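In what follows, a single structure is set out as structure tokens and then discussed.
Residue numbers (our numbering), protein chains in the order written: chain A, 13 to 195; chain B, 13 to 195.
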């Protein structure tokens, strides 16, 4: 750690697993702060995920609409999923693209990772864009229900701007794709 | 719920609080899926937060660098914090701007909310941009340690593009501010 940041560092003293789930674990740490005092940190431990914005040759995108339990609402998102154990983000993006939309891609471009919420959650979501799409057929997991919708990238950009799309990974894929494709 | 989305809806049957924290709760729900089958949902319940990108008249921004326990790393972000109970996002953004950077703003522009991770986390983070900045002095909470850094908006945009900035709320504030300010 660089010397100039020495004033910021905290040290983990103890770590207790409160909940061990399939999607995430909840842990509580005791840490020593930069001033020597003690504090608690509540943390969600998540393996990470990948998502992909599929863009066809006419700049139409293929989005998924699905029920999301934390909001008890149907939300419009890019195709996405959790990393399998040991899975590379690019492979996960390719897999989710096929499973959820039924497309294979000539090229998947990596936009890098985003942190979902750095204060308490270890999840990184790796952002991608897929081009050169060929339809081979959707392969949804058991218990997975979603609708695929075709929406022009230009319209998605307006939806990210005016709040019709609020999901962070989806908004970031749209802004980054629009920048790359000159929209 | 619209008729065309009837195939997507799941219904909560039971909900159990596993962990009741200061930052978030962990709950496990039993739900009935669209096909009548049963499933579990692991959920982080979070009150939400607000963040703000402070931009001065020369298009320099004021960012915070702080240690983040989930990553055991120092991360560059926009000023941000959790909503107090019953607090409006705009008020929270104004409060965090003052506490973390020591600025008051002539105007705070609302960019709307982002969802951190819709599959399991109920957190919404409300995005803002502050302009017309006047320095009155930082007022950090006890146990809060951070460095403020002045960085041109144009440089921040390059940092969001090339991965030097990965936090999602920070990237979204940068893209939205750059769009509004014609950068």
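No residue lacks a Cβ here, since even glycine has one placed at the ideal position from N, Cα and C.
From a predicted model like this one, the values you see are computed outputs, not experimental measurements.
- The beta-carbon of residue 108/A is placed no less than 7 Å from the nearest beta-carbon of chain B.
- Not a single C-beta of chain B is nearer than 7 Å to the C-beta of residue 171/A.
- The continuous beta strand (DSSP E) containing residue 94/B extends over residues 92-94.
- Per DSSP, the continuous beta strand (DSSP E) segment holding residue 80/A begins and ends at 72-80.
- Membership of residue 136/A in the beta strand (DSSP E) is indicated by the continuous run 136-147.
- Going by DSSP, residue 180/A is part of the alpha helix (DSSP H) stretching over 180-192.
- In the structure shown, residue 116/A adopts extended strand secondary structure according to DSSP, grouped into three states.
- A buried status is given to residue 129/A, since no fewer than 16 other beta-carbon atoms sit within 10 Å of its beta-carbon.
- At least 7 Å separates the beta-carbon of residue 163/B from that of residue 63/B.
- Within the region 16-40 of chain A, contact with chain B at the beta-carbon level (separation under 9 Å) is assigned to 16, 17, 19, 20, 21, 22, 24, 30, 31, 33, 34, 35, 36, 38, 40.
- Ranked by Cα distance from residue 95/B, the options 165/B, 104/B, 172/B are led by 104/B.
- Residue environment analysis places residue 148/B among the exposed positions, since fewer than 16 neighbouring C-beta atoms fall within 10 angstroms of its C-beta.
- Under the criterion of beta carbons closer than 8 Å, residue 111/B and residue 151/B qualify as touching, at roughly 5 Å.
- For residue 174/A, the enclosing alpha helix (DSSP H) begins and ends at 165-174.
- Counting C-beta atoms within 10 angstroms of its own C-beta, residue 32/A has fewer than 16 neighbours from the protein chains shown and is therefore classed as exposed.
- Residue 77/A is positioned such that its CB atom lies closer than 7 Å to that of residue 88/A.
- In terms of Cα proximity to residue 108/A, the closest of 91/A, 119/A, 136/A, 124/A is 91/A.
- If you look at residue 85/A, you'll find it in the beta strand (DSSP E) that goes 85-89.
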